[in-house]
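Enquirer: Quick one: the structure is below, and I'll ask about it shortly.
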Amino acid sequence: MAAPQREQHRINDRIRAREVRLIGPDGDQLGIKTVPDALTMARGLEFDLVEVAPMANPPVCRIMDYGKFRYEEAQKAKESRRKSSNVSVKEVKFRPKIGRGDFDVKVRKLDEFIHEGHKVKVTLQFRGREMAHPELGTKILDQVLDRVGSYVKVETQARLEGRSMSMVLSPDRKALDTEKAEREALAAGVSPEAAPAAAPATTEPATTAETIETTAATEMTEDTDTAETAERATP
């Protein structure tokens, strides 16, 4: 016989706190209430009292239809699993001579892929004399990590292969879920600290490839300029 499914939230008489910060069914802030008072209000509306942020001080509870809430959460999880089956490895290509505008566009696309649950291969393509300056590629990859490092994991460290340098990033699902919980908490009028901790996801993406490539800009670093000037001056 299968074990009964564990409840994800404490509800009604299972709530252990003495006082809670109460949110109404429409998202209204109702202030600090004792649990008995909050239960009375919830039952008066024929709803449940659900502890949505147990780690907050005091814990945050919301008056809601818990059965409907669980159904909607199950539907979201089902849709998420369906999308996960179509997850692939994307690729975003950079150049050592890339302008700030193009860099920002590419990072936004990378960010979009990560939030969709995809892995992303970040590739630096070298041409001609750029191969003499692999440190320029490392610098670009470091700048990418500075922008997205808080919610990705480096699955494959940067390495030089032929005329390209690449690394593979994967979503840090716990960090992304925490970010989502904070956004939802803010939308409900709760401080980010009150957002419930997110459980880590376990779905592993597939491994097909798709490439996103845009035109490189014309910004050149001082090191590359110096190298080319010296080469032209050589008889």
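Residue numbers (numbering that gives the first Met the number 0): 0 to 234.
Each residue gets a CB set at the ideal place from its N, CA and C atoms; glycine is no exception.
(1) Can you round the beta-carbon distance between Leu168 and Ile113 to whole angstroms, since I take them to be within the 8 Å contact cut?
(2) Provide the residue span of the beta strand (DSSP E) that contains Gly30, from first to last.
(3) On the criterion of 16 or more Cβ atoms from any shown chain inside 10 Å, does Asp176 qualify as buried, or is it exposed?
(4) Please list, in chain order, all residues of the same chain as His8 whose beta carbon is under 6 Å from its beta carbon, the five residues on each side excluded.
(5) Report yes if the CB atom of Ile62 is closer than 8 Å to the CB atom of Pro35, and no otherwise.
(6) In this structure, does DSSP put Leu168 in helix, strand or coil?
(7) Assuming Met166 contacts Val121 under a Cβ cut-off of 8 Å, what Cβ separation, rounded to an integer in Å, is found between them?
(8) To the nearest whole angstrom, what separates the beta carbons of Gln142 and Lys92, a pair I think is in contact under 8 Å?
(9) Measuring straight from C-alpha to C-alpha, what distance separates Glu178 and Ile139?
(10) In the structure shown, what three-state DSSP assignment does Ala198 receive?
Expert: Reading off the structure:
(1) Taking the sequence shown and counting its residues from 1, the one referred to as residue 168 is at position 169. Taking the sequence shown and counting its residues from 1, the one referred to as residue 113 is at position 114. Right, the Cβ-Cβ distance comes to about 7 Å (below 8 Å), so this counts as a contact.
(2) If you number the sequence shown from 1, residue 30 lands on position 31. Per DSSP, Gly30 belongs to the beta strand (DSSP E) from 28 to 33.
(3) Taking the first residue of the sequence shown as position 1, residue 176 is located at position 177. Buried, by the Cβ-count rule.
(4) By 1-based counting over the sequence shown, the position of residue 8 is 9. Non-local C-beta neighbours of His8 in its own chain, meaning closer than 6 Å and more than five positions away in sequence, comprise Val49, Glu50, ordered along the chain.
(5) Your numbering for residue 62 matches position 63 in the sequence shown. Your numbering for residue 35 matches position 36 in the sequence shown. In this structure, Pro35 does not lie closer than 8 Å to Ile62 by Cβ.
(6) Looking up residue 168 in the sequence shown gives position 169. If DSSP states are grouped into helix, strand and coil, Leu168 belongs with the strands.
(7) Taking the first residue of the sequence shown as position 1, residue 166 is located at position 167. Taking the first residue of the sequence shown as position 1, residue 121 is located at position 122. Cβ-Cβ separation between Met166 and Val121: approximately 5 Å, consistent with a contact (criterion under 8 Å).
(8) Here residue 142 corresponds to residue number 143 of the sequence shown, with the count starting at 1. Here residue 92 corresponds to residue number 93 of the sequence shown, with the count starting at 1. Rounded, the Cβ-Cβ distance is 15 Å, inconsistent with contact.
(9) To locate residue 178, count along the sequence shown from 1; it is residue 179. To locate residue 139, count along the sequence shown from 1; it is residue 140. So the two alpha carbons sit approximately 26 Å from each other.
(10) The sequence position of residue 198 within the sequence shown is 199, counting from 1. The predicted model places Ala198 with a pLDDT of 45, which falls under 50 and marks its position as unreliable; any figure quoted below should be read in that light. Of the three classes helix, strand and coil, the one that applies to Ala198 here is coil, per DSSP.
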